[in-house]
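Visitor: Structure provided below as structure tokens; questions to follow.
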Ligand code: SF4
Ligand code: SF4
Ligand code: SF4
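Chains as they are written, first to last, in my numbering: chain V, 4 to 743; chain A, 52 to 260.
The following block contains the structure:
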């Protein structure tokens, strides 16, 4: 019975999102705190060092942490105001149960846990173990990610566990693994300023990885040329030496076209290719037809731009490729990444100072959370759940028979589809707000309302938690301790700053308690997250992402350690592939030929415009935290539709008009923002907002066949001017889905 | 010379407003931001420009203040108005060539950027120049900026006929010695703008749909 128990405005009135605008204790001078704790930002994959000011077990402010080497005190607005999620009026402090017609009412831990266990048993007995699924998140620490994977396989024995990193890093990870045999950014960020040409493909660095900006600008001060590929002129693109406003989904045209020109002009490293790679012949064959003219038609840009890009990239002495969701959020996301990486390998410029490549991790622990075994196809240490040796290794660590570990489960989108068609009837979710973050949001909401039993663990009542039968109050990052792995592959330590308020508990304690009640007390008998880390170390031993030589102490003493780190004397590995040694058993990089294909849904007469979605700097992901912080909502209060004046004129739309952006699946009504910085065939709507303001009402449930990432970056829409909506949702506060 | 100086490089700014958010966290005016982030013309470009107080050597704001409420510290930092003296005339507001001071009725005084005096006077960096992710705002030594940047710092401005020297530097291309701000005569018809460098439609002219 996972339907909403009462109307949305009623739930919002009680649980928010409300805005927190004044810090605990008021806007008083900050310098009288009891302690200042060095930790890290909880939001994006940059994982900036930050100090939190604490007074009376309350976080009351922040202070930059200038000695942490990655960001040296720098922070984006989310990091600056992050402390405002503490002492928040919306904070969940007791378990809640759904009461039909009345909403959510407090319930004790004991009856809540008893009910959860009874429902898990009932549903699994009637429908099989896999009928109860788990959805987790990439903002969880390594310890929690590890725990969730083990909980699913050992305590619940369900195959169906997946995580919201499925919406983030999986295309990049899959491509990196195919080519290099390792899924990690190849270089530390300190290599970026040493590169003489930098190619940024589909990465709105200024808004989504703001700290990386300084690294890029520093490279330019050192004389680097910057190439940016994006359908929108983002703040980084404004200063690029070459900006290529690619048509959404046309990236392979640019990459293959560049490689075509590089081969033709001899701007590739034949010796490196011969000695350190396989498969180049097939790539050479594949790009033969990608002449600049042919490639430009696919990319939707002038052919000269592609030639110019090749001329900048090809002969450069050092180079760096950065890519992110712009090329990854496609039904051909893996192929997009492969085509981009081919440019790196063909140049031979990798594994050296100032030479390499990185995927820009989006979520806080986007890197680590995909290594510890909470993906539907992975066991800890990035191990393959279908590989008998890998299964045996982990079975021994866990002390369970190998055959008791379930096989590969469903990834996030098919998992929600299985909920929709009734194959999955029960769900536990933690750190995931799929009604905002998954594509085709109407379908997702429909699916959730079909669940027989749904448990949501979170610190605020997210839009998704409204569908829950039981909500358990978990912990904020600063209320627990543990490690994350940043964008560079650097493992860092988050310190416990305050304890969870009221009856809220640390997430790991909730999971261990549940596991014990499900009959596995011994296998989840941890005294602390550090205990979990010690097991994680052993579980990762000998794997590509080897943490076995790390201790919390070492991590702390060294401002983080890069994996692999196979023994306690090992300094860690900031730069991979030195000496042209790659992660595959043959030690070589494997070229993969790529052929362009259209996106799942291309514009047509009925829906003639490309919709692409993304983020803004002041909001984070589904907004569960950042839509509750007053000054962040003030900075960018509601989603707008960025539209080129030429397209707007054709449609009779003026700046600030309300428009309905409509796809075959749903619509979103927002104000129009006329900007010349977007392609005239494309509109952009950021996705952080819920309900009728959710860009994901329009996006398509198409996924990449390899990575299963959804195609957030391409949907076909039509756009029309409408009156300002005045329905009850529109009348809500902006952070809750209203409009102004 | 190891003295720390404040440098602005407008070309680096990415409009993230970290400076604005962090300014409100500075102890001398916690809860209220003093930095202005100007969006040039969003329809045309994503260019933004942060404006802190430039801390003029001979501050016009202080010169025009009839109540003598605006003081410069010996280390050259021009402060907000002294509250008991400030008579809310807003002379400073209209006279500042950089548009910095604001009369804040809520606090009954003119308030503006004081370079986080509580921080900078004890050797710490101002909030905005610590957090700024792009390095558009930087607080460091002259040697360091000369070593790490292509452009050069200047602190000399010409507004029409008037010369102004400021404590804060801006980064400009090598050949520039002084920032000249030419006043546009409102009567004359403005010159047509050059073709728009940031209009993607123009970049794609001739490309098939
Ligand atoms: S959101 Fe990312 S860039 Fe911003 S402060 Fe946090 S970790 Fe740094
Ligand atoms: S910039 Fe304006 S407010 Fe600052 S010192 Fe100069 S005149 Fe005064
Ligand atoms: S923090 Fe820096 S980059 Fe961001 S708006 Fe301010 S000056 Fe610009």
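Just so you know, even glycine gets a beta-carbon here, dropped at the ideal spot from N, CA and C.
Keep in mind that this is a model prediction, so the values were computed, not measured.
1) Can the beta-carbon of residue 340(V) be found closer than 8 Å to that of residue 175(V)?
2) Return no unless some Cβ of chain V is closer than 8 Å to the Cβ of residue 251(A).
3) Smallest Cα separation from residue 7(V): which of 38(V), 325(V), 466(V), 256(V)?
4) Pick from 67(A), 58(A), 232(A), 56(A): whose alpha carbon is nearest that of residue 212(V)?
5) Report the residues of the stretch 86-114 of chain A with a CB closer than 9 Å to any CB of chain V, ordered along the chain.
6) Could you check whether the Cβ of residue 82(V) sits closer than 7 Å to any heavy atom belonging to ligand 1?
7) Check whether the Cβ of residue 67(A) lies closer than 8 Å to any Cβ atom in chain V.
8) Given that residue 118(A) touches chain V, what residues does it touch there, using C-beta distances under 9 Å?
9) How is the alpha helix (DSSP H) around residue 149(V) delimited, first residue to last?
10) Around the C-beta of residue 242(V), are 16 or more other C-beta atoms found within 10 angstroms, so that it is buried, or is it exposed?
11) Which whole runs of the alpha helix (DSSP H) in the stretch 292-365 of chain V are 4 residues long or more, in chain order?
12) Is the separation between the beta-carbon of residue 454(V) and that of residue 428(V) shorter than 8 Å?
13) For residue 136(A), name the three-state secondary structure that DSSP assigns.
14) Tell me whether residue 647(V) sits in a helix, a strand or coil according to DSSP, three-state version.
15) Looking at C-beta atoms only, is the number of pairs between the stretch 287-294 of chain V and the stretch 164-172 of chain V that lie closer than 8 Å three or more?
16) Mind checking whether residue 649(V) and residue 250(V) have CB atoms under 8 Å apart?
17) Tell whether a beta-carbon distance below 8 Å holds between residue 232(A) and residue 164(A).
18) For chain A, check one thing: does any of its Cβ atoms lie closer than 8 Å to the Cβ of residue 303(V)?
19) Give a yes or no on whether the minimum CB-CB distance between residue 307(V) and chain A is below 8 Å.
20) For the stretch 464-514 of chain V, list the beta strand (DSSP E) runs that are entirely contained and at least 3 residues long, ordered along the chain.
21) I need the boundaries of the alpha helix (DSSP H) containing residue 722(V), first residue and last residue.
22) Using DSSP bridges, identify the partner residues of residue 457(V).
23) Using 8 Å for Cβ pairs, my map puts residue 301(V) next to residue 261(V). What's the rounded Cβ distance?
24) Which residue's Cα is closest to the Cα of residue 166(A): 186(A), 254(A), 214(A), 74(A)?
25) Does DSSP put residue 265(V) in a helix, a strand or coil?
26) Identify the residues that DSSP records as bridge partners of residue 535(V): which are they?
27) Measuring only from the beta carbon, is residue 140(A) closer than 7 Å to any heavy atom that is part of ligand 2?
28) So residue 416(V) packs on residue 704(V), CB below 8 Å; how close in whole Å?
29) Cα separation between residue 180(A) and residue 74(V)?
30) Which residue or residues does DSSP assign as beta-bridge partners of residue 64(V)?
31) Span of the alpha helix (DSSP H) holding residue 417(V)?
32) Taking residue 664(V) as the reference, which of 689(V), 640(V), 680(V), 678(V) has the closest Cα?
33) Could one say the Cβ of residue 638(V) lies closer than 8 Å to chain A's Cβ atoms, at least one of them?
34) Check whether chain V comes within 8 Å of residue 141(A), counting only Cβ atoms and requiring the distance to be less than that.
35) By the three-class DSSP mapping on this structure, what secondary structure does residue 105(A) have?
36) Can you list, in chain order, the residues of its chain with a C-beta nearer than 6 Å to that of residue 219(A)? Leave out the 5 residues immediately preceding and following it.
Guide: Let me lay it out:
1) Along the first chain, read from residue 1 onward, the residue named residue 340(V) stands at position 337. Along the first chain, read from residue 1 onward, the residue named residue 175(V) stands at position 172. Less than 8 Å divides the Cβ of residue 340(V) from the Cβ of residue 175(V).
2) Residue mapping note: residue 251(A) aligns to position 200 of the second chain, counting from 1. Output row for residue 251(A): interface = yes.
3) One-based indexing of the first chain puts residue 7(V) at position 4. Here the closest residue by C-alpha is 466(V).
4) Along the first chain, one-based indexing puts residue 212(V) at 209. When only C-alpha atoms are compared, the closest one is 67(A).
5) Those would be 93, 94, 95, 96, 97, 98, 99, in chain order.
6) Along the first chain, read from residue 1 onward, the residue named residue 82(V) stands at position 79. Yes - ligand 1 has a heavy atom lying nearer than 7 Å to the Cβ of residue 82(V).
7) Reading the second chain from its first residue, position 16 is the one you call residue 67(A). Yes, residue 67(A) lies at the interface with chain V (some Cβ there is under 8 Å from its Cβ).
8) Along the second chain, read from residue 1 onward, the residue named residue 118(A) stands at position 67. None at all; the shortest Cβ gap to chain V is about 27 Å.
9) Here the question's residue 149(V) lines up with position 146 in the first chain. Residues 145-153.
10) Counting from one through the first chain, the residue named residue 242(V) turns up at place 239. Classification of residue 242(V): buried, given that the 10 Å Cβ count is 16 or more.
11) As far as the stretch 292-365 of chain V is concerned, its whole alpha helix (DSSP H) runs of at least 4 residues are 295-302, 306-316, 328-331, 336-350.
12) Within the first chain, residue 454(V) is the residue found at index 451, counting from 1. Within the first chain, residue 428(V) is the residue found at index 425, counting from 1. Yes; because the gap between Cβ atoms is below 8 Å, this pair is in contact.
13) Locating residue 136(A) in the second chain gives position 85, where the first residue counts as 1. Residue 136(A) sits in coil when the DSSP states are folded into three classes, being neither helix nor strand.
14) Numbered from its first residue, the first chain carries residue 647(V) at position 644. DSSP places residue 647(V) in coil when its eight states are reduced to three.
15) Under the 8 Å Cβ criterion, the stretch 287-294 of chain V does not count as touching the stretch 164-172 of chain V, having fewer than three qualifying pairs.
16) Taking the first chain and counting its residues from 1, the one referred to as residue 649(V) is at position 646. Taking the first chain and counting its residues from 1, the one referred to as residue 250(V) is at position 247. No, they are not a contact pair.
17) Here residue 232(A) refers to the residue found at position 181 when the second chain is read from its first residue. Here residue 164(A) refers to the residue found at position 113 when the second chain is read from its first residue. No, they are not a contact pair.
18) Counted from its first residue, the first chain places residue 303(V) at position 300. The beta carbon of residue 303(V) falls within 8 Å of a beta carbon belonging to chain A, placing the residue at that interface.
19) The residue labelled residue 307(V) in the question sits at position 304 within the first chain. When Cβ-Cβ separations below 8 Å define contact, residue 307(V) makes no contact with chain A.
20) Residue ranges of uninterrupted beta strand (DSSP E) with 3 or more members, entirely inside the stretch 464-514 of chain V and ordered along the chain, are 473-476, 485-488, 493-497.
21) Walking along the first chain from the start, residue 722(V) turns up at place 719. Unbroken run through residue 722(V) is the beta strand (DSSP E), 718-725; no alpha helix (DSSP H).
22) Position 454 of the first chain, counted from the start, is the residue given in the question as residue 457(V). According to DSSP, residue 457(V) shares a beta bridge with 430(V).
23) Within the first chain, the letter at position 298 stands for residue 301(V). Within the first chain, the letter at position 258 stands for residue 261(V). Cβ atoms of residue 301(V) and residue 261(V) stay farther apart than 8 Å, at about 12 Å.
24) Translated into positions along the second chain, residue 166(A) becomes position 115. When the alpha-carbon of residue 166(A) is set against those of 186(A), 254(A), 214(A), 74(A), the nearest one is in 74(A).
25) Your numbering for residue 265(V) matches position 262 in the first chain. Residue 265(V): helix per DSSP, three-state reduction.
26) Locating residue 535(V) in the first chain gives position 532, counting from the first residue. BP columns for residue 535(V) are empty, so no partner.
27) Working through the second chain from its first residue, we reach residue 140(A) at position 89. Not under cutoff, so the answer is no.
28) By one-based count along the first chain, residue 416(V) stands at place 413. By one-based count along the first chain, residue 704(V) stands at place 701. Sure, about 6 Å apart at Cβ, within 8 Å.
29) Locating residue 180(A) in the second chain gives position 129, where the first residue counts as 1. Locating residue 74(V) in the first chain gives position 71, where the first residue counts as 1. Inter-residue distance for residue 180(A) and residue 74(V) is about 13 Å (C-alpha atoms, whole angstroms).
30) Here residue 64(V) corresponds to residue number 61 of the first chain, with the count starting at 1. Beta-bridge partners assigned by DSSP to residue 64(V): 56(V).
31) Looking up residue 417(V) in the first chain gives position 414. Note, residue 417(V): alpha helix (DSSP H), 415-423.
32) What you label residue 664(V) is simply residue 661 of the first chain in a count that begins at 1. Nearest to residue 664(V) by C-alpha distance, out of 689(V), 640(V), 680(V), 678(V), is 689(V).
33) To locate residue 638(V), count along the first chain from 1; it is residue 635. Yes, residue 638(V) counts as interfacial toward chain A.
34) Walking along the second chain from the start, residue 141(A) turns up at place 90. Not one chain V Cβ lies under 8 Å of residue 141(A).
35) As a first step, residue 105(A) must be located in the second chain, where it is residue number 54. DSSP places residue 105(A) in coil when its eight states are reduced to three.
36) Here residue 219(A) refers to the residue found at position 168 when the second chain is read from its first residue. Within the same chain, residue 219(A) has close Cβ partners 57, 105, 106.
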